[in-house]
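According to the working numbering, the sequence shown is numbered sequentially starting from 12. Single-structure report; data block below.
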Amino acid sequence: MPEQIKPEGNLNAGHRQRLRQRFLKAGIDGVQDYELLELVLFRAMPRRDVKPLAKTLIRKFGSFADVIQAPPHRLAEVKGIGEAAITEMKIIAATAIKLAQDNVLSRHVISSWEDLLAYCQSAIGYEPIEQFRILFLDNKNILIADEKQQSGTVNHTPVYPREVVKRALALEASSIILVHNHPSGDPTPSKADIQMTMQIMDAAAALGIRVHDHLVIGRGKHVSFKSLGLL
């Protein structure tokens, strides 16, 4: 049988208005994860009680961030989620990445470290496959470019030191920061991660390019090679 959509009555309309007003008054601290998700779903489902659906999504994926960053095909597995709802969530995810990116581009990266970590987390922290990115800095440590070099599998990304250094030279970068994610959520560097980093450092040093750090991003957490004493 086709799903019976509950029409929006006065009670549900009142709930939407109260929730919107509470959010506008108190901001993100005034709502729970599922309520924030309700606010996103309101636009996609204007005549439906979305609270049960929002709670189902939080239970399935774990948090608001996990829901918003979930791959479209995983979201589509949830009964009641259609293309309109997925589109709204992907818009929110893209907006979060864009805001975080604008906080670091053309800025002194070393003094904006927390903003940089927030950007890396939003950009690749929830990706289902490994992604290797390089942040290119000028001689004043201003971020001049952020580029994805490779995408791999769920636990491996092929990286070629020669290509990394070649791109740094093309951009006239004085230093770089390596960034990649672990889809498992555990940011602990692997032996392959350490070996690859050493190879890039050797290739970069020969041309006067400094590797500031290598960040491994998990879900909501990260590891810095520099902090671990691996650089």
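No residue lacks a Cβ here, since even glycine has one placed at the ideal position from N, Cα and C.
Taking a C-beta distance under 9 Å as the contact criterion, valine 190 and leucine 146 qualify as a contact pair. Rounded to whole angstroms, the separation of the alpha carbons of aspartate 224 and alanine 214 is 15 Å.
At a Cβ-Cβ threshold of 9 Å, threonine 98 and alanine 156 do not count as neighbours. Bridge partners of isoleucine 228 according to DSSP: Asn192, His233. Here leucine 48 carries a helix assignment [DSSP, helix/strand/coil]. Leucine 116: not part of any beta strand (DSSP E); DSSP gives it neither H nor E.
When Cβ pairs closer than 8 Å are counted between the two stretches, the segment 199-213 is seen not to touch the segment 112-123, the count staying below three.
DSSP links phenylalanine 147 through a beta bridge to Ala156, Ile187. In this structure, the straight-line span from the alpha carbon of aspartate 77 to that of leucine 154 is close to 28 Å.
In the DSSP assignment, aspartate 40 falls outside any alpha helix (DSSP H), carrying neither H nor E. Taking 9 Å as the cut-off, the beta carbon of glutamate 174 is found closer than this to the beta carbon of glutamine 160. In the three-state reduction of the DSSP assignment, arginine 59 falls in the coil class, being assigned neither a helical nor a strand state.
In this structure, isoleucine 108 lies away from proline 194, with their beta-carbon atoms at least 9 Å apart. Valine 78: member of the alpha helix (DSSP H) spanning 75-80, first to last residue. Secondary structure at valine 89: coil, using DSSP grouped into helix, strand and coil. Taking the Cα positions, valine 234 is about 11 Å away from glycine 196. At the C-beta level, phenylalanine 72 and arginine 85 come within 9 Å of one another.
For leucine 226, the closest alpha carbon among the candidates Ala217, Gly219, Tyr45, Thr208 is that of Thr208. Cβ-Cβ distances below 6 Å link isoleucine 69 to Asp44, Tyr45 in the same chain, with the five nearest sequence neighbours on each side left out; the list follows chain order. In the three-state DSSP reduction, valine 170 falls in the coil class, being neither helix nor strand. By the CB criterion at 9 Å, isoleucine 187 and alanine 179 fall inside the cutoff. Comparing alpha-carbon positions, the option among Ala81, Val170, Ser122 lying closest to alanine 134 turns out to be Ala81.
Residue burial is scored here from C-beta neighbours: isoleucine 102 has fewer than 16 other C-beta atoms within 10 angstroms and is therefore classed as exposed.
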